[in-house]
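Taking our numbering, I'd label the letters of the sequence shown as residues 39 to 152.
Ideal Cβ placement from N, Cα and C applies to all residues, glycine included.
Single-structure report; data block below.
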Amino acid sequence: MMLRAVLILTLAVAVASCGRLGIGNSSKRAETENVLPFKAKLKKGEDRGFTVSVVNKGAGVAQVRESVRFEATKYCLLTFGGSDAKWSISPVSKDWAFTQDGDKLIFSGECTAL
């Protein structure tokens, strides 16, 4: 239940910050109002797919999600016109799946905007 509340709050913050993305700005720069907890890097995949990697400095997965979510939201919104992303889900935890490569956590998903 608490995870659901955190996700709803995070979504509300993400949607509220969409206006700051500078739609119509040819430079396609997007910045957050607040400093994100971790530096995340998005890599484009095939079609609408992507991966987002973030260095895990001993923090829990929940603590890195906002940085991961921001990069995905920015990419989907600026590339496909919508901010929704479908994340790969772990069959064990029923939550976002990730792999670990050294000190990096790697999440994958795809943009769902038409």
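Open item on the list: So A123 and A110 are supposed to be a Cβ contact under 8 Å. How far apart are they, rounded?
Closed with: 5 Å
Open item on the list: DSSP has Q138 in a bridge; who is on the other side?
Closed with: Residue pairing of Q138 in beta bridges, as defined by DSSP: L143.
- [ ] Have a look at S105 and F76 and give me their C-alpha separation to the nearest angstrom.
- [x] 6 Å
Task: Coarse secondary structure for T117, derived from DSSP in three states - done: In the structure shown, T117 falls within a helical segment according to DSSP collapsed to helix, strand and coil.
TODO: Using 10 angstroms around the beta-carbon of S131, count the other beta-carbons present and answer buried if the total reaches 16, otherwise exposed.
DONE: exposed
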